[in-house]
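In full-length UniProt numbering, the protein residues as written are 1 to 439.
All C-beta atoms, glycine included, are put in the ideal place defined by N, C-alpha and C.
Below is one structure, written out as structure tokens; comments come after it.
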Ligand code: ATP
Ligand code: MG
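In structure tokens, the structure reads:
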């Protein structure tokens, strides 16, 4: 992508109304534009990151055996009357009437809708286990939308729903999500810690929140320091195997959100392992048994011929919130430092002297070679001052910068900078081209 042809409305000023660094940086880099309280347009740079996060979530959900679909944002109120949540949900639910005066709502979550899909088509235990998911916009009329995309009113969520015949089956489905979540967050460059959590209005008796530690987090959290260094299960995990040993080991360490905090158990840890911090909730998983299947009559025939309500769990990831959470975890005084897996572009190519024949030619050659090698390149061929170009590249945080200037080009060299470490070194153009060709 040539910068002059891209839409990147970067601004120098830190926006006055943004209280936390991720919100400031998302506005300054032109990733989002607020449309109303907690409602945003995703501008091209932000949209690219959103899509990459969505794709990682998709790949890890698919790897675990979950199946993607898409349910609507607008739902019929009647389904929510069946579960009893139409009245329980409160003002967070945006209620709408259509032209026929029918009650509708903008979905804050999808348990009812997916249960309706399930009960329509699944009648036998032979069709189980089943895990259906989608990535769809939600609306919750939050009392206090704030911190940009972290607590929006309209936000993108990945929500999955598991269906099993037995409680043991449902717990196995829960463990799969537990592991898939750790892998997904790990791929995004994040250390997410599963913490025992309150089940809240979704209900049920087993629940974990996946928390990223950050000073600006909204929740107070408590955990064992050892959890910060434990690896994710890994992409070669066999989801067909019994995941109990892994999950039991991981949940044997102390980790709880404020609502579930047990001071005595926490204080039993050696002092240097007690982490009392703030955290951002990026995912939340629940096992809630028959809470929806019973009232909505989602029943299947078991091996003995009896009809039983299906056992369910639901599993959310805050896809749009993750952009804020990643920036909170990955930035420095010059701007964002994207982890490679979610960066909007892989490389920023900077032409220091557009119009100079040798610089232009070297840039065009590199741009073509990088693109052919599958790299996403943002090529800055604008007339802006060199200092402004460097500052902008640092601000938007692409993992690699390749700078092409007249002196280097005369010697057949370009400068490569790693955004994260700040390390720079000269690379021969011919070596870079050879390497790209081999990749
Ligand atoms: P919170 O406690 O932060 O209000 P929640 O527990 O109500 O979240 P869930 O119903 O568990 O949220 O939703 C699944 C995920 O969706 C959450 O883990 C979070 O990452 C994300 N999420 C929830 N509410 C918002 C919001 N208002 N803006 C952005 N993301 C959100
Ligand atoms: Mg939650």
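Within the stretch 234–266, the complete beta strand (DSSP E) runs of at least 3 residues fall at 255–257. Taking the CA atoms as reference points, residue 380 sits about 6 Å from residue 349. Under the three-state reduction of DSSP, residue 64 is assigned to coil, being neither helix nor strand. Not one heavy atom of the ligand ATP is found less than 7 Å from the C-beta of residue 28. The alpha carbon of residue 238 has as its nearest neighbour, out of 219, 180, 258, the alpha carbon of 180. Contact fails between the stretch 329–341 and the stretch 164–182, because fewer than three Cβ pairs, one in each stretch, are under 8 Å apart.
Within a 10 Å sphere around the beta-carbon of residue 351 sit 16 or more other beta-carbons, which makes this residue buried. Per the C-alpha coordinates, the member of 411, 288, 392 positioned closest to residue 206 is 288. Counting the other CB atoms within 10 Å of its CB gives residue 112 a total of 16 or more, which places it among the buried residues.
Under DSSP, no beta-bridge partner is assigned to residue 22.
Every beta strand (DSSP E) of 3 residues or more that sits fully in the stretch 35–82 is shown, in chain order, as 39–42, 74–76. In the three-state DSSP reduction, residue 215 falls in the coil class, being neither helix nor strand.
DSSP lists 255, 275 as the bridge partner or partners of residue 223. Around residue 280, the same chain offers 212, 214, 217, 325 as residues with beta carbons nearer than 6 Å, after the five sequence neighbours per side are excluded. Out of 429, 330, 270, 275, the CA that lies nearest to the CA of residue 21 is found in 330.
For residue 105, the enclosing beta strand (DSSP E) stretches over residues 103–106. In this structure residue 269 touches residue 224 by the C-beta definition: roughly 6 Å separates them, less than 8 Å. Taken in chain order, the complete alpha helix (DSSP H) segments of 4 residues or longer contained in the stretch 87–158 are 111–121. Separation of the CB atoms of residue 292 and residue 124 is rounded to 19 Å, and the pair is thereby denied contact status at 8 Å. A contact is defined here as three or more CB-CB pairs under 8 Å, and the stretch 270–279 fails this definition with respect to the stretch 116–135. Here the residues close to the ligand MG, judged by CB distance below 6 Å to any of its heavy atoms, are 209, 281, 284 in chain order.
Ranked by Cα distance from residue 368, the options 429, 353, 316 are led by 429. Between residue 148 and the set 42, 392, 13, the nearest pair of CA atoms involves 42. Residue 397 sits in coil when the DSSP states are folded into three classes, being neither helix nor strand. For residue 376, no alpha helix (DSSP H) run applies, since DSSP gives it neither H nor E.
Per the C-alpha coordinates, the member of 129, 188, 190 positioned closest to residue 240 is 129. Comparing alpha carbon positions, the residue from 356, 345, 354, 431 closest to residue 6 is 345.
When distances are taken from the beta-carbon of residue 142 to the heavy atoms of the ligand ATP, the shortest one is below 7 Å. When the Cα atoms are used, residue 48 and residue 126 turn out to be separated by approximately 40 Å.
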